[in-house]
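Here's the structure, in structure tokens; my notes come after.
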Amino acid sequence: PAERAALKDKIRRLLREKNAVMVSHYYVHPDLQDLAEETGGLVSDSLEMARFGRDHTAQTLVVSGVRFMGETAKILSPEKRVLMPDLDATCSLDLGCPVDEFSAFCDAHPDRTVVVYANTSAAVKARADWLVTSSCALEIVSALKDKGHKILWAPDRHLGGYIQRETGADMLMWGGSCIVHDEFKAFELKALMKEHPAARVLVHPESPADVVALADAVGSTSAILKAAHEMEAQEFIVATDSGMMHKLRTLNPGKLFLEAPTAGNSATCKSCAHCPWMAMNCLADVARVLETGANEVHVDPALGLRARIPIDRMLAFTA
Ligand code: CIZ
Ligand code: SF4
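Now the structure itself:
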């Protein structure tokens, strides 16, 4: 604890000295979330992290999250220096959608509008017409459908399936999934719901369809926060990364938040749903990269300009 306090002081000082601001995703360690907020930065989902980084005057952005979030920040602010605690923090959706195969898939379906999830590489974004995050995917696909577009969707098949069911859009799907949300289990969730009949169920749409079907509210991390705040219930079962519990609990004192079960017996599985890549972010590395300038995110400028088109469309749509 003394060491953590010292590291936090060091980071506060370095952020000031280096004209830097920190943005953290809801899934990273609570220390990194609290520090970002305390120092004038932001804790949020990938959509708001991107917007905040773009609009902030600081010349250096420290992005605590995973690789695609750092890349998106760099694409939107090529003149800024973007640092990440660990450049190896990736995402199974990004890994499962290599650009060569994805490009070939797009080439084979030229009649479709290409909509990709934020959890992708800069190169995949550069091949897309639209970028979406889970907080705006439904609205954007719905608007495209109304204009008569047929969609090519990548990479998350669960999120894509959810949007297809909700909008009725014609969607051709890439087969990726999130290793964290893919693990939530409907059978075990039903058992936990029986034990807690008054609990409302909040589910991220990267989860399997049979889990989504049990939800009282389905949505992005921001939508889950909003639902937890607005719903009358005092008890909630939450199917998303356990990093989310910190904000849910601090913003809703008095309400009880239970983690949705991932496998087997819910009583023995306290915190199975945590992204191993989000977990790579730590205080020591934030201090180190601020001090040394290590772990700078680079995106090829020409690629970045192309990738910016679908990102800007999304930001304008959601402004
Ligand atoms: O699962 C993720 O990585 C999420 C929810 C990203 C985001 O959109 O904030
Ligand atoms: Fe990717 Fe899932 Fe981790 Fe989010 S939680 S970064 S979608 S692997």
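If you're matching positions, the sequence shown starts at 42 in the UniProt record's numbering and goes up one per residue. Think of the CB as a built atom: it goes at the ideal place given N, C-alpha and C, for glycine as much as any other residue. If you're wondering where the values come from, they're calculated on a predicted model, not measured in any experiment.
Asked: Using a Cβ distance threshold of 8 angstroms, determine whether the stretch 72-89 contacts the stretch 114-124, with at least three qualifying pairs required.; Found: no
Asked: Counting only runs that start and end within the stretch 273-299, where is the alpha helix (DSSP H) found for 4 or more residues in a row?; Found: 286-292
Asked: Have a look at asparagine 322 and valine 338 and give me their C-alpha separation to the nearest angstrom.; Found: 15 angstroms
Asked: What separation, rounded to the nearest whole angstrom, lies between the Cα atoms of valine 182 and serine 218?; Found: 19 angstroms
Asked: Could you name the residues that DSSP lists as bridge partners for methionine 63?; Found: Val103
Asked: Let me confirm a value: threonine 208 is counted as buried when at least 16 other C-beta atoms fall within 10 Å, else exposed. Which label applies?; Found: buried
Asked: Taking all protein chains shown into account, do 16 or more other C-beta atoms lie within 10 angstroms of the C-beta of glutamate 224, making it buried, or fewer, making it exposed?; Found: buried
Asked: Verify whether the separation of the beta carbon atoms of leucine 346 and arginine 92 is less than 8 angstroms.; Found: no
Asked: Give the DSSP bridge partners of serine 85, in chain order.; Found: His66
Asked: Assuming valine 103 contacts valine 327 under a Cβ cut-off of 8 angstroms, what Cβ separation, rounded to an integer in Å, is found between them?; Found: 6 angstroms
Asked: Just verifying my parser: in three-state terms, what is the DSSP assignment at alanine 195?; Found: strand
Asked: Taking buried to mean at least 16 other C-beta atoms within 10 Å of its own C-beta, is glutamate 276 buried or exposed?; Found: exposed
Asked: Tell me whether methionine 125 sits in a helix, a strand or coil according to DSSP, three-state version.; Found: coil
Asked: Who are the Cβ neighbours of alanine 256 in its own chain at under 7 angstroms, not counting the five residues just before and after it?; Found: Val242, Leu243 and Val244
Asked: Measuring CB to CB, does lysine 296 end up less than 8 angstroms from alanine 258?; Found: no
Asked: Let's see if you can read the secondary structure: which residues bound the alpha helix (DSSP H) around leucine 76?; Found: 71-79
Asked: Thinking alanine 304 and cysteine 313 are a contact (beta carbons under 8 angstroms), I'd like their distance in whole angstroms, please.; Found: 7 angstroms
Asked: So for glutamate 142, helix, strand or coil by DSSP?; Found: helix
Asked: Output the boundary residues of the alpha helix (DSSP H) element that contains threonine 262.; Found: 262-271
Asked: Suppose you measure from the CA of glycine 106 to the CA of alanine 149; what does that come to, to the nearest Å?; Found: 33 angstroms
Asked: Could you pull out every residue in the same chain whose Cβ sits closer than 6 angstroms to the Cβ of threonine 113, ignoring the five residues on either side in sequence?; Found: Ala91
Asked: Any idea what DSSP makes of aspartate 185, helix, strand or coil?; Found: First, the residue type needs correcting, since residue 185 is leucine and not aspartate in the sequence shown. Here leucine 185 sits in helix by DSSP.
Asked: Between Ala254, Lys115 and Thr174, which lies nearest to arginine 206 when the distance is taken from Cα to Cα?; Found: Ala254
Asked: Measure the Cβ-Cβ separation of arginine 153 and leucine 233 and say whether it is below 8 angstroms.; Found: no
Asked: May I ask you to check if the CB of methionine 319 is nearer than 7 angstroms to at least one heavy atom of the ligand SF4?; Found: yes
Asked: Could you tell me how far apart the beta carbons of asparagine 160 and cysteine 177 are, in whole angstroms, since I believe they sit closer than 8 angstroms?; Found: Their Cβ separation, rounded to whole angstroms, is 14 angstroms, which puts asparagine 160 and cysteine 177 out of contact at 8 angstroms.
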